[in-house]
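Only one structure is covered here, and it is reproduced in the block below.
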Amino acid sequence: MGKPRVAIFDFACCEGCQLQIVNLEEEILDLTGAFDVVEWREAMSEQSDEYDIAIVEGSITRPEDEERVKNIRRRAKILIALGACATIGGINKLKNNFELGEVKEYVYGKDSEKPHLDTAKTKAVGEVVKVDYKVHGCPIDRDEFTYILRCILLGKEPEIPEWPVCVECKAKGNVCVWEYGQVCLGPITRAGCGARCPSSGFRCYGCRGYIDNPNVEAAKEVIEKYNLDIKDLKAKMKLFGSGYEPTKK
Amino acid sequence: MSQQKSKKIRIDVKHLTRVEGHGNILLNATDGRIEKIEWQVPEAPRFFEAMVRGHSYEDIQIIVSRICGICSITHSLAATKAVEDALGIEVPEQVDKIRRLLHYSEQLQSHILHIGYLAAPDFFGTPSVVPLVGKAEEVVKTIIGIHRAANNWSDVIGGRTTHPITILPGGFTKIPSEKEFKELYESLKDTLGKLKSLASAIETVAENIPVFERDTEYVSLKQTDPSVYTFYHGDITSTDIDGGTVPVKDWHGVANEYVSDQSTAKWAKWHRDSYAVGALARFNNNAKLLSGKAKETAKQLGLEQGCCNPYMNTIAQLVECVHVVETSLGLIDEVLTEGLEEHRPVSKARAGKGVGCVEAPRGILFHEYEFDKDGRCTGADICIPTNQNHANIQKDFEKLVPEIIDEGEESIRGKLEMLVRAYDPCISCSTHMLNVEFVK
Amino acid sequence: MSGRREDRSIYQPELATVRDRKMLNETELYLRLSMDSGVLEYKPGQFVEVSVAGIGEAPISISSSPTADDGFELVIRRVGNVTNAIHKLQTGDKVGIRGPYGKGLYPVDEVKGKDLIFICGGIGLVPQRSFIKYVLANRGEYGQVTIFFGTKTVAQRLFASELSEWDKLEGVEVKETVDKPEEGWGGEVGVITTLIDKIDKDIRDAMIFACGPPVMYKFVLLALEEKKVKAKNIYLNLERKMKCGVGKCGHCQMNNYYVCIDGPVFCYSKLKDIPEAI
Amino acid sequence: MGIKKISKDGFSGLIEGLIAETTVIGVQSKGDKFVYDLLGSSANLRLDYDVTILPPKKYFLQPAEILLRFDGEKYEAEFDDEEFVLVGVHPYDMIAINQIDKLYSEDNFDSHYMRRRENATVIACDVARASENVFASSMGTATVSEGFDILLTDIGDFYVAESATDKGEKLLGKAEGVSTAEDEDLKAREKIQEENKKNLNKHKLGCKPSELPGLLEKAYNHPIWEELGKKCFSCGSCNQVCPTCYCFNVQDEVNWDLKSGTRKRVWDGCLLDGFTKVAGGHEFRKSRADRIKHRIYRKGKYVPEKIGGEIACVGCGRCVGACLTDIANPVKIYNRLIEDIGIGK
Ligand SMILES: Cc1cc2nc3c(=O)[nH]c(=O)nc-3n(C[C@H](O)[C@H](O)[C@H](O)COP(=O)(O)OP(=O)(O)OC[C@H]3O[C@@H](n4cnc5c(N)ncnc54)[C@H](O)[C@@H]3O)c2cc1C
Ligand code: SF4
Ligand code: SF4
Ligand code: SF4
C-alpha cells in the first residue's frame, strides 16, 4: 500500500488547531513524507475527494454540516477529531446553555430569521459520526498530534492518559494554583497537555475534557475548604464541553 | 461584433483556500456584462456575544480567545482591556510593556503566516507552500525561521503560541525570566536579518502584484501621547477625518454594522459605503512613525503613504513585521534596564461597562462588555476587523472585475482570489457579530 | 554483557530469532524462539518480557520445558498493542527478550513422587504446559498426572493433538470441557469446576496446579475445598499488570508481594494471607 | 572522616568554584516556595528553606527518563554519566534516598538509578526552618547519619561540616575558611539537632514508628479507607510529591522513520486509575478506598518489611499539602487508627 491519503477539514471553530499543524514547521515535511496530504483548505489550494484518513476540526452546528461530516465519514477509513471543538464540542457548546432563537436574536437582532444565519445545537463530531481517534485540547498539543499520527502508521493504539492534569503538574514541580485562589479544574481534567496552564501559573479550565471517572464529591469538598461558592465551580466546568455532560460519547 | 456565441464567465469559488475560515466568490458575466459579482461568507456562525453572558469576568478572555486561533492573543488582550476598563483595574507600567511585547509577537506570527504560507504561493505561482519548497527553498527556510521565532516569542510571554495562558485582568500570572528575555532579544535580532532577506526575495517577484487602485476610507488606531505607530493604545482615526480622532468608547459610531444577505458575518461602513482596516490602513494613517528599518523596507518595496492598492496590504504587513521586531528590541532593553518585577494581580468583581480596542493583525478590533456586581457578564459586543473589510472587498470586486473582464476566466479568478487573500481575512472570527446597538 | 553489574541495564532486551510460528486458533499465536547470544536457561513457571521496539513489552510465560533443547516456546493471545505487534512477527524476525523472570515457581523437586492435577482455564494451559512437559520428560519421578482443560468454545482449544497424545500415555489422563459445546464434541460440557466435582477418588494427597483467568480461581478453590484439599497442596499461577518484571515498577504488587519476583506461581497457603491476590 | 567548620563565605566560595567546574543543583526560591534547580550563583542558594515542592529524588529517578534507544534492530541502554553536586538535602529526604538506594540496588540492580546516585555528590543540611506540615520528629527522620557526602549545620556565622566520604573530604579540602570544629561548635550543632528531633513535628504521631506495621496489621478492614476513598480525586498528587514513592510506567516512542526511538520510564502512582488495569479491562485494585489503603500500607508495612523495618514515610509532609481534599495526611490516618483500635497486642 502506498502512503495513506490524508484530508483535513474544518467546521465551526477558530482554526487554531490547524494552525498547530502549520506550527510544526519543518516537521510538516516529515508528515508529508509519511502521508499524502490531499486536501487542506487553510494551507493549500489542492482539493480531493479520495482519502484514507480524515482529520476533522470544529464542532457541528448546522444541519448542513451534519450532512457534510457524514459524507466525510463515509469516505474515510479513519476519522480523527482534532481539538476540543471536535472532540467535546469545545467553547461552541456554551451556546447550548441558552435557547437557540434567543441566541440568534441576541447576535443578529431583527435579521436573525434570515436563513443563512440558521444554527442548531452544537455537537461534538463524535455525536454525529463515529470517531476513531481524538486529539484533545484547545488548541491541540503538537507533539501529541504527531504521536497519534505515528501510532496510526504503526498500527498501535495511542496511550492517552486516563489520569488528571494534577499528575503532570506535580511532576513539573509547580505551585498548585489553588494556592493563588484560582479555581483549577486540574483534578478532574484529562492529562496529556503537560499541565500547560498551571505551569504558566494559570488555572486549568478543562479544555481536554474530563477524565472518565471524575470525583465530583471530592470537588465539593475542595470548594468548601477554600470557602468558595459551588456555583463558581459549576460555571468553570461549563466552559469546555459545556458542563457536566460526559465528555466521551 | 458579429459573433453569435455569447461569451459567458462563471466563477464560483466555494470555500476559498488558503484563508482562515470559509468564503465564496461568485461571478456571472455574459459578453463582458456583469450580472452578479459577490463576496460571500457562509461560515457557520458561532454567537460569542451571546455565549459569554453569565460568565465571570475572569473567564471572558478564555472564551473569546477562541474567536480566532490566529489572532487569539489580540482577542485576549482586547477583552482584558475591556474588563479592566469595566472593573476599574489599573495596570502597572511594566505589565503594559510586556503586554505590548506579547501583542507584537502576534503581529509577527500572523503577518508572516499570511505573507509566507498563504500569500507567497500566489507571488511565486505555486498552489501551496509545500511545492514552494522545491521552487524557492531558501525563501521557505527564511519564512519558517521567522515563523518559529514569532511562535517562540508568543510562547515565552503568553505561555503558548495560541490561546495565551498568562494574561489576567491587572497583569500576568507569570512573566519571562531575565534569561528568557535575553534569549528573546537575540532571537529578534536574528529575525530582523531574516526579514531583510525576505524583503529582498519579495522584491524579485513584486511585479506579480496586480496593479489596481480604488480610493477608499482607511480606519485604524492613532496614538498621540507619545506619538507612536500604535497597535495597542490610542483613539480611532481615519483617512477621511484628516488626522482627527474619535475616542474608542464611541466606536459604535464608526463601525456601523449591518447584516448582509451575502454573509453570516456582519458588514460595516462609516463615511462612505465601505472602509478598510488592517496593515495598509495603519500604514496610511501612521507611516511617518514607523521604525527606521521599517521605513527602508517600505521604500524598497515601493509602498508609499496614500497607497490605495489593496494588493499592497501584504507588503504593508511585511513593513510592519520589521517595525514590530525593531521596536521590541528597544522595549526589551527598557524592561531589562528597569528590572523585572513579579506582580501577581488580584482583582475584585464590581458592576461596570468597558471597552477595549486594539489593532489585530487584520485591523482595528473592538470588545465591549458589561458586568453585574458579581462580575458576571450581562452583555457583550465585539466588532472584528475582517467584518469591517467585507464591504470593502465587495466594492473592490465591483471596480476590479470590469477592468479585467477581458483577461479570461482563469486570470480573473486568480486575481479575485488573490485580492481576498490580500485582506488576510480571518473569517471564522468575523462570524459572530452583533447588534449595532449595545444590548442592555 | 560486560563485567561490572553497573554497566548492564536490567531493562535491556537481548535479541532472539523467531524459528517457528503458527496460529493455534483465532487469537493465539505459537512462537518458537532462540536467543541470538546462546541458550535461555529457565525453569518451569518462569516468564520472559517480550519487547517490540516502539510498541512496548509484555510478560509472557515460557510454555516449553527446559528439557527441550530446541529454543523456547511462547503462546501469545492477541489482546492489545504489544501482543498485536508480536502477532505480526514472521519466521526469521528478531524480537527482544528479557528474562527469564520469576522466582516463585513450580515446586519441581518438592512434588516428586506425588500425584499431580493440573487445572487449566483457557490460555492458562500455556504456562502449565512447561511443567507438564517437564514432568512427562521425567516420567518416573512423578505419580499419576491428571490434566483438566476448559475453554469457552471448541474453537478456542489449544494444543489439541498434544493433549490427546498425552492422554494416551501411561499414568496420564486428560479431561476437557467447553462452556458452549457444538455438534460432534466428545468431551465434557460446563465450566472447569464440573471436572473437579466429578473426581471420585481421594485427592487429599495430590498436588494441584491451577492457572486461568482471575474469576476461575474463586470457583476452583471452592471446589477443591469440597474435596478437602489442603491449601499447602494447591499452587496458583497468577497474572498482574507488569511494567518491569524485576520488582521495581510497582504495578504487579498484591499487598506485600510482587507477582514478578515472588511469583508468578504461589502456594495457596501463602496466598491466604494476601487479601488482594484472589 | 571528620567534622570541621566552614565560614559562610568560605562555603559560598566553594559553591562558586563548583559552579564554575561542574553541574550544581541547589535549593532556590520559587515565589514563596522552594525548589531544587540548577544553581547559577551561590547567592541563590537557600539553605534556610523549609521544604521543597518536589523532593531531590527527581535527580535520581527522573520524572521522565530514557532507559533505552532502539534503531529498529538493536536496543542500546542509555545511562546518564554527568557528575553533579546536590546541595541542601534535608535529613528526611536523605533518608528517603537511602531507602530507594536499597530498593534499587538490592535484588535486581537498577544501574540507571544507581549510576546517577554514584555520579552525585550530596551536601545535606540540617533543617533550619520547620515547614508547615513536617512531622519528621515523629518518624525519627529529623536527623540523618549516612548517605550524604557532607552534612552542614548552620550555627550562625559558620556551618559545622561533617564529611562522611572521601568525596566529601576532598571537596572540603578545596574550600577556604575551613577550621577545626571546637567543642562549642559541636555543642551548637547537637543543640540544633536535638531541637529538630523534637520540633519538626507539626503533626504528632501517636505511636512509635516501629509500631506502625503492627497497627496496620489490624486495620485492613477499618471503615476509614472507604471514608477517605469517597473524597479522593485519584489525582496521584500524594504519590508524585513523595520522596519514597518510586513506581513507574514505561512508554515507547518512535521517530518519524517508525523504526528508531526511545523507551522511557515516567513516574506513575498507585492512586491513579488504571494503575493495575490489564488488557481486557480487568482492574485489580479498582476502588479508590483500596488504593488509598495500599499507599498507606506500602509506606507503613510493605516496604518496611522489605528494607529491614524502616518506615517508608519520612515525614516530609509534602503529601499533606499536595492533597487538595486534605485526606492524604498519614499521621491523621494513623492516629485515627490508634484511637479506634489501639496499639499493642
Ligand atoms: C507472568 C505473566 C505471564 C503471562 N503469560 C502470558 C502468556 O503466556 N501468553 C499471553 O498471551 N499472555 C500472557 N500474559 C498476559 C500478557 O502479558 C498481556 O496480555 C499483555 O501484557 C498485554 O499487552 P498488550 O500490550 O498487548 O495489551 P495492552 O492492553 O495494550 O497493554 C498495555 C500495557 O499494559 C500492561 N498489561 C496489560 N495487560 C497485562 C497483563 N495481563 N499482564 C501484564 N501486563 C499487562 C502491559 O504492560 C502492556 O504493555 C502474562 C502475564 C503475566 C503477568
Ligand atoms: S491545563 Fe487544562 S486548560 Fe490548560 S491545556 Fe491542559 S487541559 Fe487545557
Ligand atoms: S507519605 Fe507524605 S509525608 Fe510521608 S514521605 Fe511521602 S509525601 Fe512525605
Ligand atoms: S493527593 Fe489526595 S486526592 Fe489526590 S490521589 Fe492522593 S489522596 Fe487522593
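Chains as they are written, first to last, in the numbering used here: chain A, 1 to 249; chain B, 1 to 440; chain C, 1 to 278; chain D, 1 to 345. Idealized CB from N, CA, C, for every residue including glycine. On a predicted model such as this, the values are computed, not experimentally measured, just so you know.
Does D:L9 have its Cβ less than 8 Å from a Cβ in chain C? Sequence inspection shows Asp at residue 9 of chain D; the Leu mentioned does not correspond to that position. Taking Cβ atoms only, chain C never reaches closer than 8 Å to D:D9, which makes this a no.
Whole angstroms are fine: how far does the CA of B:G170 sit from the CA of B:Q94? 11 Å
Would you kindly work out how many angstroms separate the C-alpha atoms of C:M35 and C:A16, rounded to a whole number? 4 Å
D:M1 by DSSP, collapsed to three states: which one? coil
Does any C-beta atom of chain B lie closer than 8 Å to the C-beta of A:C14? yes
According to DSSP, simplified to helix, strand and coil, what is B:F172? strand
Mapping DSSP to helix, strand and coil, what is B:E403? Here B:E403 carries a helix assignment [DSSP, helix/strand/coil].
Closest Cβ-Cβ distance between D:P56 and chain A: below 8 Å? no
Is A:V165 near ligand 2 - that is, is its Cβ less than 7 Å away from at least one heavy atom of it? Yes, the beta carbon of A:V165 sits closer than 7 Å to at least one heavy atom of ligand 2.
Which of the three DSSP states, helix, strand or coil, is assigned to C:M242? coil
CA nearest to the CA of B:M296, picked from B:E137, B:T337, B:I315, B:Y369: The amino acid at residue 296 of chain B is misidentified as Met; the sequence shows Glu. Out of B:E137, B:T337, B:I315, B:Y369, B:I315 has the C-alpha closest to the C-alpha of B:E296.
Applying the 10 Å Cβ sphere with the 16-neighbour rule, what's the burial state of C:P275? In summary, C:P275 is exposed, with fewer than 16 beta-carbon neighbours lying within 10 Å of its beta-carbon over all protein chains present.
According to DSSP, is A:P246 part of a helix, a strand, or is it coil? Note on A:P246: pLDDT 41, under 50, position unreliable in the model; the coordinate value appears next. The answer is coil: DSSP assigns A:P246 none of H, G, I, E or B.
Is A:A218 near ligand 4, going by C-beta to nearest heavy atom under 7 Å? yes
Quick one: does A:K172 have its CB under 8 Å from some CB of chain B? no
Out of D:K191, D:Y302, D:K230, which one is the CA nearest neighbour of D:L103? D:Y302
Under 6 Å, CB to any heavy atom of ligand 3. Which residues pass, going along the chain? D:V241, D:C242, D:P243, D:T244, D:K299, D:C313, D:V314, D:G315, D:C316, D:G317, D:R318, D:C319, D:P330
Could you compute how far the alpha carbon of C:K272 sits from the alpha carbon of D:R336? So the alpha carbons of these two residues sit roughly 27 Å apart.
Mind listing the chain A neighbours of D:C232? Cutoff is C-beta to C-beta under 7 Å, in chain order. N215, A218
Under 7 Å: does the beta carbon of D:F233 sit that close to some heavy atom of ligand 4? yes
Cβ of D:W267 within 8 Å of any chain A Cβ: yes
Using the three-state DSSP reduction, which class does A:K231 fall into: helix, strand or coil? helix
Compile a chain-ordered list of the residues in the stretch 39-64 of chain C whose CB is closer than 9 Å to at least one CB of chain A. G54, I55, G56
Would you tell me roughly how many angstroms separate the C-alpha atoms of B:K348 and B:G88, rounded to the nearest one? 10 Å
What residues in its chain sit with their C-beta under 8 Å from that of D:I19, if we drop five residues either side in the sequence? L39, G40, S41, S42
Would you mind sorting D:M1 into buried or exposed? The rule is 16 or more other CB atoms within 10 Å of its CB. By the 16-neighbour rule on beta-carbons within 10 angstroms, D:M1 is exposed.
Would D:N98 count as contacting chain C if we go by Cβ distances under 8 Å? no
Hey, is C:R77 close to ligand 1, as in C-beta under 7 Å from one of its heavy atoms? Answer for C:R77: yes, Cβ within range of ligand 1.
Less than 8 Å separating the beta-carbons of D:V347 and D:L14? The requested residue 347 of chain D is not part of the displayed model; chain D covers only 1 to 345.
Whole runs of the alpha helix (DSSP H) within the stretch 64-142 of chain B, excluding any shorter than 4 residues: Counting only runs of 4+ residues, the alpha helix (DSSP H) found wholly inside the stretch 64-142 of chain B occupies 72-87, 93-112, 120-124, 129-135, in chain order.
Rounded C-alpha distance that separates D:V367 from D:G321: Absent from the model: residue 367 of chain D. The displayed extent of chain D is 1 to 345, so no value can be given.
Any C-beta of chain A under 8 Å from that of D:G342: With 8 Å as the cut-off, D:G342 does not count as an interface residue toward chain A.
Shorter than 7 Å, the distance from the beta carbon of D:K264 to the closest heavy atom of ligand 1, or not? With a cutoff of 7 Å, D:K264 does not count as near ligand 1, since its C-beta is closer than that to no heavy atom of the ligand.
Using a Cβ-Cβ cutoff of 8 Å, what residues of the stretch 239-251 of chain C are near chain D? List them in chain order. E239, R240, K241, K243, C244, V246, G247, K248, C249, G250, H251
If the cut is a Cβ gap below 7 Å, which residues of chain A does D:S237 touch? C166, K170
I'd like to know if A:P187 contacts chain D, where contact means its C-beta is closer than 8 Å to some C-beta of that chain. yes
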